[in-house]
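Chains as they are written, first to last, in the UniProt record's numbering: chain A, 1 to 800; chain B, 1 to 140.
Even glycine gets a Cβ: it sits at the ideal position worked out from N, Cα and C.
Treat the numbers as computed from the prediction; the structure is a model and nothing was measured.
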Amino acid sequence: MHLLILAIFIPFIATALIPLIHKRIGSLHIGWLVLLVPLTLFVVFVIQIPAVANGETFIQTVDWIPSLGINFTAYLDGLSLIMALLITGMGSLVVLYSIYYLSSSDSFPHFYAYLLLFMGAMLGVVLSDNLLVLYIFWELTSISSFLLIAFWYHRKNSRYGAQKSLLITVFGGFGMLAGFLMLHSMTGTFSIRETIAVIGQYTDYALFYPAMFLVLLGAFTKSAQFPFHIWLPDAMEAPTPVSAYLHSATMVKAGLYLVARFIPIFGGTAAWFWTVTIVGLVTLFWGAFCAVRQTDLKALLAYSTISQLGLIMSLFGLGSAALHFGDGERGALYGLAIFAALFHMVNHSTFKGALFMVVGIIDHQVGTRDIRRLGGLSAFLPITFTFAVIGSFSMAGLPFLNGFLSKEMFFTATVDAVSLPAFGVSTWGLLIPVIAWIASVFTFIYSMIFVFRTFFGTPQLKKLDRKPIEPSIGMLISPAILCILIVSLFFVPNLLGDYLLKPAMSGIIPGISGAAPQISAWHGFNTELFMTLGIIVVGTFLFLTFRSWHKIYLLQPAGWNFTVLYNSFLKDLKRVANWLTTRYMTGHLPTYFAYIFVFFIVTSGGALIFTGALSIDLTADSPISFYEGMLVVVMAIAAIAILFAKSRLTAILLNGVLGFSIAIFFVLFRAPDLALTQLVIETVTTALFLLCFHFLPEWTKEDSPKWIKVRNAMIAIGAGVTVTLIGLTVNSGTLFDSISGYFENSYELTGGDNIVNAILGDFRAFDTMLESLVLFIAGLGVYTLIRLKLGKGADKDEHQ
Amino acid sequence: MNINDVILKTVSKAVVLIILTFGIYLFVSGHNQPGGGFIGGLVIASAFVLMFLSYDSETVSEALPIDFKKLSALGVLLAMMSGVAPMFFGGAFLSQSFGYFDLPIFGKTELATVTIFEAGIALTVIGVVVNIILSISEDE
Numbered sequence: 001m002h003l004l005i006l007a008i009f010i011p012f013i014a015t016a017l018i019p020l021i022h023k024r025i026g027s028l029h030i031g032w033l034v035l036l037v038p039l040t041l042f043v044v045f046v047i048q049i050p051a052v053a054n055g056e057t058f059i060q061t062v063d064w065i066p067s068l069g070i071n072f073t074a075y076l077d078g079l080s081l082i083m084a085l086l087i088t089g090m091g092s093l094v095v096l097y098s099i100y101y102l103s104s105s106d107s108f109p110h111f112y113a114y115l116l117l118f119m120g121a122m123l124g125v126v127l128s129d130n131l132l133v134l135y136i137f138w139e140l141t142s143i144s145s146f147l148l149i150a151f152w153y154h155r156k157n158s159r160y161g162a163q164k165s166l167l168i169t170v171f172g173g174f175g176m177l178a179g180f181l182m183l184h185s186m187t188g189t190f191s192i193r194e195t196i197a198v199i200g201q202y203t204d205y206a207l208f209y210p211a212m213f214l215v216l217l218g219a220f221t222k223s224a225q226f227p228f229h230i231w232l233p234d235a236m237e238a239p240t241p242v243s244a245y246l247h248s249a250t251m252v253k254a255g256l257y258l259v260a261r262f263i264p265i266f267g268g269t270a271a272w273f274w275t276v277t278i279v280g281l282v283t284l285f286w287g288a289f290c291a292v293r294q295t296d297l298k299a300l301l302a303y304s305t306i307s308q309l310g311l312i313m314s315l316f317g318l319g320s321a322a323l324h325f326g327d328g329e330r331g332a333l334y335g336l337a338i339f340a341a342l343f344h345m346v347n348h349s350t351f352k353g354a355l356f357m358v359v360g361i362i363d364h365q366v367g368t369r370d371i372r373r374l375g376g377l378s379a380f381l382p383i384t385f386t387f388a389v390i391g392s393f394s395m396a397g398l399p400f401l402n403g404f405l406s407k408e409m410f411f412t413a414t415v416d417a418v419s420l421p422a423f424g425v426s427t428w429g430l431l432i433p434v435i436a437w438i439a440s441v442f443t444f445i446y447s448m449i450f451v452f453r454t455f456f457g458t459p460q461l462k463k464l465d466r467k468p469i470e471p472s473i474g475m476l477i478s479p480a481i482l483c484i485l486i487v488s489l490f491f492v493p494n495l496l497g498d499y500l501l502k503p504a505m506s507g508i509i510p511g512i513s514g515a516a517p518q519i520s521a522w523h524g525f526n527t528e529l530f531m532t533l534g535i536i537v538v539g540t541f542l543f544l545t546f547r548s549w550h551k552i553y554l555l556q557p558a559g560w561n562f563t564v565l566y567n568s569f570l571k572d573l574k575r576v577a578n579w580l581t582t583r584y585m586t587g588h589l590p591t592y593f594a595y596i597f598v599f600f601i602v603t604s605g606g607a608l609i610f611t612g613a614l615s616i617d618l619t620a621d622s623p624i625s626f627y628e629g630m631l632v633v634v635m636a637i638a639a640i641a642i643l644f645a646k647s648r649l650t651a652i653l654l655n656g657v658l659g660f661s662i663a664i665f666f667v668l669f670r671a672p673d674l675a676l677t678q679l680v681i682e683t684v685t686t687a688l689f690l691l692c693f694h695f696l697p698e699w700t701k702e703d704s705p706k707w708i709k710v711r712n713a714m715i716a717i718g719a720g721v722t723v724t725l726i727g728l729t730v731n732s733g734t735l736f737d738s739i740s741g742y743f744e745n746s747y748e749l750t751g752g753d754n755i756v757n758a759i760l761g762d763f764r765a766f767d768t769m770l771e772s773l774v775l776f777i778a779g780l781g782v783y784t785l786i787r788l789k790l791g792k793g794a795d796k797d798e799h800q
Numbered sequence: 001m002n003i004n005d006v007i008l009k010t011v012s013k014a015v016v017l018i019i020l021t022f023g024i025y026l027f028v029s030g031h032n033q034p035g036g037g038f039i040g041g042l043v044i045a046s047a048f049v050l051m052f053l054s055y056d057s058e059t060v061s062e063a064l065p066i067d068f069k070k071l072s073a074l075g076v077l078l079a080m081m082s083g084v085a086p087m088f089f090g091g092a093f094l095s096q097s098f099g100y101f102d103l104p105i106f107g108k109t110e111l112a113t114v115t116i117f118e119a120g121i122a123l124t125v126i127g128v129v130v131n132i133i134l135s136i137s138e139d140e
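Set out below in structure tokens:
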């Protein structure tokens with residue numbers, strides 16, 4: 001078994017084991033066992049670092065549906081590795097943290113099962129090379145995120161937030177799927193590597209730009225880019241470890257990963273450059289601007305995450321210009337933006353993860369996250385306070401912390417972009433660093449709000465639920481590790497740069513050599529440094545005078561935001577759907593049959609006639625024997641007699657006559673398997689019918705008006721005629737070669753003489769497997785419908 | 001049912017055995033002759049149905065302490081696992097293989113992995129059919 005593919009599946013296997021193990025371990029917290037999973041995987045990925053840093057890539061394939069080009073291909077290069085390390089590394093810290101965070105009333109097995117499910121899905125996203133496999137894992141992250149956000153499902157807000165995130169991300173995911181299919185129809189491959197290799201020939205295709213925008217739609221919705229950012233603040237209803245993990249460190253980065261992964265495919269075009277850059281910058285500014293007005297610490301962090309994701313996104317946009325120039329000085333210059341993006345992605349995970357954990361501690365120890373009720377906590381929570389300072393100063397981009405380095409590189413990239421001699425940048429190019437700078441001022445302000453409003457000032461102990469004290473040591477370990485990382489990455493950034501960022505960068509822009517720089521903390525008195533100094537000066541001023549200008553937030557009219565739009569859209573959708581559904585869902589079975597049959601007659605019968613497919617050729621048919629003719633007459637009589645049956649029992653028995661006659665037909669046509677199946681099925685269903693009788697009301701024949709009867713008769717006759725015509729046409733059609741030749745050597749291929757079973761079990765086993773699954777689901781449906789009567793199982797909490 | 005069903009009970013005692021044997025025969029011989037997991041499963045299920053019809057469900061449940069819901073779930077899992085298993089040996093999903101072995105009593109016998117898959121199907125069918133019938137008949 002291949003190690004990489006196994007790595008993807010280990011979390012899933014662990015998920016399946018959780019319910020089994022949970023009951024056996026007694027008082028041991030299941031989180032400790034769960035912790036082993038990400039920790040092991042982290043070590044596995046760490047071991048790969050030297051090889052990947054040397055430029056090696058690993059690829060492992062397991063055939064899945066080779067005939068369609070859908071294979072389970074895991075591909076590890078620098079970019080996948082850095083993401084995998086983030087997923088497993090942050091995963092370990094979050095699991096450790098959650099052990100102390102969750103209260104004993106929470107359902108641990110559910111929580112960890114969802115978390116592991118998510119982890120596996122994320123690993124699948126970043127490691128798979130096949131577009132469709134990537135898509136499956138992509139949607140699985142949406143689903144597991146939905147489950148995690150709605151973890152406290154008795155809260156209305158949790159359910160609302162979960163639904164919102166699911167609707168928006170899955171909407172984007174569908175777009176992305178369409179984009180993938182377009183790519184496939186252009187290039188004929190689902191493999192990302194192969195697409196990169198051949199895409200150059202396809203840029204002129206009509207589908208190139210639609211595919212690009214659809215893929216970007218998926219990435220933007222996932223990474224909460226403007227205007228799809230509205231789901232992220234509502235997702236904060238999830239438990240804080242989840243927020244730290246999904247909504248700052250990993251899942252939202254799936255969109256960034258996708259953009260990075262597709263730069264070699266779509267990058268180098270003006271459309272990509274402008275779309276990604278502008279969306280990124282707008283998100284950066286809007287997120288930072290909105291974060292300042294938040295009064296809930298977690299909401300503040302949510303908007304801050306939106307803003308930082310926008311920052312990274314815009315860097316990927318700017319960096320894509322490198323592909324326009326190719327290998328050379330200019331290519332290397334603009335390639336720096338990609339390096340900065342990757343660097344900031346790692347830094348963001350460290351400081352935002354730490355900050356979420358700090359908020360979790362405050363919430364856990366104090367009972368509120370409302371800034372207006374907090375203050376002066378530095379005296380009570382000195383260690384947490386230290387973490388908060390390190391995290392938010394890094395977020396603000398202040399020196400001696402890793403955020404400073406990547407922020408400076410971000411400024412470098414924006415300043416360099418002004419002089420970009422392509423894509424018509426010269427006209428509006430100056431706006432790029434200006435927007436970046438203004439957004440960074442707001443970033444500085446909300447970082448200061450986070451620290452000073454929470455930890456300084458007079459403590460308002462009366463407003464707090466409990467007396468604040470430092471949490472248990474276990475809760476402090478994870479943020480401590482992250483804070484150590486934040487500081488040490490400032491002093492030894494090139495370790496990260498050489499071993500992880502450079503390989504990741506060459507994974508994105510492979511043709512451009514020499515782009516990867518040495519990161520230096522001191523880079524002289526240049527524009528970037530003055531920009532940072534400006535931020536500190538202006539930011540401090542604005543922070544101190546916040547009360548006198550915060551009224552600008554009231555300028556935005558209350559109804560003017562995308563959440564309102566989203567809500568009203570949902571409401572209208574519901575209204576229209578309700579209206580439409582009540583039109584045709586009458587609850588009356590004959591009506592439904594009428595729909596189905598009319599639809600069938602119109603589409604199939606219509607297609608038959610209007611495409612000229614109708615051709616009946618009876619000359620080559622074998623003669624009808626006496627027995628067959630007899631059977632047909634018997635069946636016809638039985639079928640007509642059902643219409644006039646006076647009791648239910650008669651009707652069922654006559655129906656049985658039909659079924660058994662068909663079985664006899666199978667015997668005549670020498671199909672013993674089918675005959676047997678038909679006989680047994682007929683017996684069992686008749687028995688089932690008889691059992692059901694007991695519970696059914698009296699059989700009363702409906703006395704409908706004459707025109708309805710005539711209408712129904714016409715529909716019935718039409719359906720019968722259509723089926724007959726199709727049957728006769730199919731028999732005389734020779735559009736395709738017969739496939740029966742393929743099954744002739746079934747004995748050599750499967751070792752079985754019985755060709756029916758060879759088809760069911762070997763050639764078309766996928767159908768059979770899914771059919772058994774359908775049967776199983778149907779069985780469960782019957783069981784639950786009968787056993788769990790409505791109203792009994794409904795939870796009171798549901799109606800809160 | 002309080003009607004006098006001595007004949008039914010007596011006959012079904014014998015018949016159930018015959019049907020079960022026939023069902024198992026169908027299942028085993030499916031590879032080369034008419035039969036297979038689906039039919040075999042159905043026939044076995046019909047034997048159970050006959051038992052439930054001639055005796056009441058409590059009596060049968062005592063004699064047959066099987067959770068048919070779990071049985072059907074087991075069947076689906078087995079079918080899927082047998083599909084996944086070849087992937088560990090480098091084959092495609094759901095690819096089957098067969099070989100000839102010399103077994104003590106049977107002599108040279110053909111063994112095929114498709115039998116495991118078929119067993120999954122059979123268990124699903126048995127579980128689902130019996131479960132539906134039990135649910136309906138136990139509903140008061």
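| Item | Value |
| --- | --- |
| CB contact check: residue 16 of chain A to chain B, cutoff 7 Å | no |
| Closest residue to residue 807 of chain A among A:84, A:757, A:91 (Cα-Cα distance) | Residue numbering for chain A in the displayed model covers 1 to 800; residue 807 of chain A lies beyond these limits and cannot be assessed. |
| Where residue 584 of chain A falls, given that 16 or more other Cβ within 10 Å makes a residue buried | exposed |
| Residue environment, residue 187 of chain A, which counts as buried when at least 16 other CB atoms sit within 10 Å | buried |
| Reduced DSSP category for residue 671 of chain A - H, G, I as helix; E, B as strand; rest coil | coil |
| Where residue 125 of chain B meets chain A, residues with beta-carbon distance less than 9 Å | 772, 775 |
| Boundaries (first-last residue) of the alpha helix (DSSP H) holding residue 277 of chain A | 270-292 |
| Closest Cα partner of residue 217 of chain A within the set A:198, A:191, A:272, A:164 | A:272 |
| Chain B within 7 Å of residue 762 of chain A, Cβ atoms only | yes |
| Residue 100 of chain A - DSSP class collapsed to helix/strand/coil | helix |
| Cα-Cα separation between residue 47 of chain A and residue 78 of chain A, rounded to whole angstroms | 13 Å |
| Proximity to residue 422 of chain A [Cα-Cα], best of A:369, A:387, A:319 | A:319 |
| Cutoff 7 Å: residue 439 of chain A Cβ touching any chain B Cβ | no |
| Buried versus exposed, by CB contacts within 10 Å (16 or more), residue 793 of chain A | Any reading at residue 793 of chain A must be qualified, since the residue scores a pLDDT of 47, below 50, and its modelled position is unreliable; the value itself is stated next. By the 10 Å Cβ count, residue 793 of chain A comes out exposed. |
| Under 7 Å between C-beta atoms of residue 341 of chain A and residue 312 of chain A | yes |
| Residue 64 of chain A: contacting residues in chain B (beta-carbon distance under 9 Å) | 87, 92, 93 |
| Contact set for residue 561 of chain A: own chain, Cβ-Cβ below 6 Å, skip 5 residues either direction | none |
| For residue 522 of chain A, three-class secondary structure by DSSP | coil |
| Exposure label - residue 27 of chain A; buried when at least 16 CB within 10 Å | exposed |
| Beta-bridge pairing of residue 100 of chain B - partner residues as DSSP gives them | B:110 |
| Nearest residue (CA-CA) to residue 643 of chain A, options A:785, A:292, A:702 | A:702 |
| Residue-chain proximity (residue 206 of chain B, chain A), Cβ-Cβ < 7 Å | Absent from the model: residue 206 of chain B. The displayed extent of chain B is 1 to 140, so no value can be given. |
| Cβ-Cβ distance between residue 113 of chain A and residue 15 of chain A below 7 Å | yes |
| Per-residue DSSP class, three states only, for residue 74 of chain A | strand |
| Contact under 7 Å by Cβ, residue 435 of chain A with residue 281 of chain A | yes |
| DSSP three-state assignment for residue 762 of chain A, whether helix, strand or coil | helix |
| Inter-residue spacing [alpha-carbon to alpha-carbon] between residue 417 of chain A and residue 425 of chain A | 8 Å |
| Residues, ordered as in the chain, of the region 685-698 of chain A that lie near chain B by beta-carbon distance below 9 Å | 687, 688, 690, 691, 692, 694, 695 |
| Helix, strand or coil at residue 797 of chain A [DSSP, three-state] | Confidence at residue 797 of chain A is low in this model, with a pLDDT of 45, below 50, so its placement is unreliable and the value that follows should be read with caution. Three-state result, residue 797 of chain A: helix. |
| Closest by C-alpha distance to residue 638 of chain A, when choosing among A:439, A:656, A:267 | A:656 |
| Sufficient close CB pairs (3 or more, under 8 Å) joining the region 77-84 of chain B to the region 717-730 of chain A | no |
| CB of residue 135 of chain B within 7 Å of CB of residue 786 of chain A, strictly | yes |
| Where residue 637 of chain A sits in the DSSP three-state scheme | helix |
| Contacts of residue 69 of chain B in chain A (Cβ-Cβ under 9 Å) | 779, 780, 783 |
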